[in-house]
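Scroll down for the structure; my scribbles are underneath it.
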Amino acid sequence: MLPDTHRAGARLLAYLPLIIAVFGFGLLAVGFGQSDPWDLRNYHLYDGWAFWTGRGAIDFAPAQVQSYFNPLLATATYLLFAHTPPWLSAFLLGVVQGANVLPLYLLARRLLPASVQSGRPWFALLVALVGAVGATQLGELGGSMGDNLVSLPVLCAFALALGTPSLDPYRAAGAGLLIGMAVGIKLTVAPFALGLMLAMPLLAWQRPQRWRILVAAGSAALLGFLAADGFWLLRLYREFGNPLHPMFASLFGGEYAPPLSLRDLRAIPQTLPEWLFYPLVWLGSPHRVSEVWFRDLRVPLAFLAMPILLWRGADADQRTRVRALALALAIAYLAWLPLFGFYRYLAPLEMLAPLLVALALGGFARHRTRLLACILLFLIMALDHPPNWGRLRAHGNFLQTDIPALPNLDRSTVVLADDEPLAFLALGFPPTAKFVRIGGNLLGPPYPVYGMDREAARRLAAAEGPIYALLVDPRSAKAPEALERQQLTLTTPCAPVHSNLLPQDVHVEICPVQRAGIPQLQ
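Residues 645 to 1166 (this note's numbering) are what the sequence shown spells out, left to right.
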């Protein structure tokens, strides 16, 4: 019994730095303060609240396009924000996000050459920690943006698939199930699912088993995707005739298909040098791939390391798994390039980049790998500058609103007429108030009139109480155009609306609205 006790104690001692690191991320998230990004105000709070309280049939597109994203992740974070003080929600989210270091460590332990790790367990820990403190992780730490939350099942899937020299169909199915669920929760990780699915057959011990692995992994991934997203796909199909509404509307058509593409093309490469060397381009121009400035060397260095790993591999006993990892991430990057282009969607690659760099160095300088890698890893951390998506000093409740006591507010219909992220304010209104969007990134000017505009008009025509408009600037150009399309006219007096989540330079007002006529929306 004594030797077993010693072995258990040794294993616990080996993992103690990882446990400390995970909880350290929670404390770091508290120190950063309450997260307050644009997406939180637009749809993270609203989508979670609306799904939890069953407001799907009451409101109409208050969070714009994002009203129709899978609400599971938003619901989990909404419940956390609603029932815990801000410091505690930040701590708990930071712990979960910090847990990314665990599969990173397992991958480092299993893929780094034995000559590098022999007697030095700290080196794999260093590689994992540098991977877990990148710009995306730190910028989103303690918040609800989700890229460093869905990265956890993605990295676990990679660790499961690459954990043994020979992959069997059962482990492949487990990896497929995990990454399929991650895609169902947040579609932006689909490139990593594609990469892992195509790379896993390389890990088969015998060539005839490759098809079994591919079928097992693909079937399990589909099952995981449907388990996480099937209910939402069905709901959107029944309501709009498109299970991915409003995206990919050209494939499904119908009354509610937007007349223009809703794809955000701002971050897609535009020139041949960008298509060929995008990570090196955004290293000097971060705004090409991010709304907020940041600096991070991880993905650019991984971009340089991947060809080395695909060509030279690693030690003979690790070569297949290292090449499979590099191939999976190369495919994910190539799929991400024309689909998204936004940096934060590469969170799993950012986290795995230090491992790729360490593996690539091992192929050229075996006797100096640790020294070179340590210098480069510390340089990566020293030059890291995460994006600032918005932070608050955490005190009181997570959400605090001050809604004016207007006549019959409990029977009112509130319209949102521009693209400002104001859906979160719905949580402060009486629960019987209804919200209808008539302008924004989904409908209203400058889009031509289509089914979503007509549905908004039907909702407004059925309003039994007063109509109010929730606006950042009642005198802006966009809001009056949207109101005019629906034959609505602002009246006075307007009253200010206050919330702790509103930026200091944003002033919101709620104004009475009158019907000027029946809109002719053809």
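Where is the CB? At the ideal position from N, CA and C, for every residue including glycine.
Secondary structure at residue i, three-state DSSP: helix, strand or coil?
{"i": "D873", "result": "helix"}
{"i": "H1039", "result": "coil"}
{"i": "Q710", "result": "helix"}
{"i": "I857", "result": "helix"}
{"i": "V1093", "result": "coil"}
{"i": "D1046", "result": "strand"}
{"i": "E1064", "result": "coil"}
{"i": "S1120", "result": "coil"}
{"i": "P1140", "result": "strand"}
{"i": "H1029", "result": "strand"}
{"i": "L1114", "result": "strand"}
{"i": "I1019", "result": "helix"}
{"i": "S810", "result": "coil"}
{"i": "F667", "result": "helix"}
{"i": "T1057", "result": "strand"}
{"i": "V674", "result": "helix"}
{"i": "V771", "result": "helix"}
{"i": "L1173", "result": "Past the boundaries of the shown model lies residue 1173; the chain is included only from 645 to 1166, so the question cannot be answered."}
{"i": "Q1158", "result": "strand"}
{"i": "V1080", "result": "strand"}
{"i": "F704", "result": "strand"}
{"i": "V1152", "result": "strand"}
{"i": "S588", "result": "Nothing about residue 588 can be read from this structure; the chain reaches only from 645 to 1166."}
Use the C-beta contact count for residue i: other C-beta atoms within 10 angstroms, 16 or more gives buried, fewer gives exposed.
{"i": "L1000", "result": "buried"}
{"i": "T832", "result": "buried"}
{"i": "Y814", "result": "exposed"}
{"i": "P747", "result": "buried"}
{"i": "Y659", "result": "exposed"}
{"i": "R851", "result": "exposed"}
{"i": "L646", "result": "Note that L646 scores a pLDDT of 46, beneath 50, so its modelled location is shaky and nothing firm can be said."}
{"i": "H889", "result": "buried"}
{"i": "T1135", "result": "exposed"}
{"i": "I1082", "result": "buried"}
{"i": "P1140", "result": "exposed"}
{"i": "Q1158", "result": "exposed"}
{"i": "S733", "result": "buried"}
{"i": "I1154", "result": "buried"}
{"i": "S894", "result": "exposed"}
{"i": "T964", "result": "buried"}
{"i": "Q708", "result": "buried"}
{"i": "R1014", "result": "buried"}
{"i": "I663", "result": "exposed"}
{"i": "N792", "result": "buried"}
Whole angstroms are fine: how far does the CA of residue j sit from the CA of residue i?
{"i": "P681", "j": "E1128", "result": "31 Å"}
{"i": "Q962", "j": "A758", "result": "10 Å"}
{"i": "T728", "j": "L1043", "result": "11 Å"}
{"i": "A837", "j": "F1079", "result": "37 Å"}
{"i": "W926", "j": "H1029", "result": "14 Å"}
{"i": "L909", "j": "F725", "result": "32 Å"}
{"i": "R754", "j": "G807", "result": "7 Å"}
{"i": "S788", "j": "L672", "result": "16 Å"}
{"i": "I1162", "j": "A1061", "result": "17 Å"}
{"i": "V674", "j": "E784", "result": "12 Å"}
{"i": "A1004", "j": "V966", "result": "10 Å"}
{"i": "L822", "j": "W855", "result": "20 Å"}
{"i": "P982", "j": "Q914", "result": "10 Å"}
{"i": "G677", "j": "W937", "result": "19 Å"}
{"i": "P765", "j": "L990", "result": "28 Å"}
{"i": "A871", "j": "L906", "result": "27 Å"}
{"i": "V859", "j": "P1074", "result": "51 Å"}
{"i": "I975", "j": "P835", "result": "7 Å"}
{"i": "S810", "j": "M1025", "result": "34 Å"}
{"i": "P944", "j": "L770", "result": "19 Å"}
{"i": "D812", "j": "I702", "result": "49 Å"}
{"i": "L847", "j": "A979", "result": "22 Å"}
{"i": "A972", "j": "E1108", "result": "56 Å"}
Any heavy atom of the ligand NAP closer than 7 Å to the beta-carbon of residue i?
{"i": "E1128", "result": "Ligands in the displayed structure: none, and consequently the ligand NAP is not present."}
Secondary structure, alpha helix (DSSP H): runs of 4+ residues fully inside the segment 910-942:
Counting only runs of 4 or more, we get 916-928.
Identify every run of the alpha helix (DSSP H) within the segment 941-992, keeping only runs that are complete inside it and at least 4 residues long; order them along the chain.
Look at the segment 941-992 and you find these whole runs of alpha helix (DSSP H), each 4 residues long or longer: 942-956, 963-983.
Hey, is the segment 767-782 in contact with the segment 968-986, meaning 3+ C-beta pairs nearer than 8 Å?
Not touching, per the Cβ criterion.
Assess contact between the segment 712-729 and the segment 672-689, defined as three or more Cβ pairs (one per stretch) separated by less than 8 Å. Is contact present?
Under the 8 Å Cβ criterion, the segment 712-729 counts as touching the segment 672-689, having at least three qualifying pairs.
Contact between the segment 733-750 and the segment 800-813 (3+ Cβ pairs under 8 Å)
The segment 733-750, when compared against the segment 800-813, does touch it at the 8 Å Cβ threshold.
Cβ contact (3+ pairs, closer than 8 Å) linking the segment 1093-1113 and the segment 1050-1061:
In this structure the segment 1093-1113 touches the segment 1050-1061; the number of beta carbon pairs closer than 8 Å is three or more.
Flag this pair as touching only if the segment 691-706 and the segment 1064-1080 have three or more C-beta atom pairs under 8 Å; answer yes or no.
Judged by Cβ distances under 8 Å, the segment 691-706 makes contact with the segment 1064-1080, as three or more pairs qualify.
With contact counted as at least three CB pairs below 8 Å, one residue from each stretch, are the segment 1141-1151 and the segment 1091-1099 in contact?
Result no; under three Cβ-Cβ pairs closer than 8 Å.
Complete alpha helix (DSSP H) runs within the segment 790-837 (minimum length 4 residues, chain order):
Every alpha helix (DSSP H) stretch that sits fully inside the segment 790-837 and reaches 4 residues is listed by chain position as 791-805, 813-829.
So, does the segment 857-872 touch the segment 823-830, judging by three or more C-beta pairs under 8 Å?
Touching, per the Cβ criterion.
Check whether the segment 793-800 and the segment 1033-1052 touch, using three or more Cβ-Cβ pairs below 8 Å as the test.
No, the segment 793-800 is not in contact with the segment 1033-1052.
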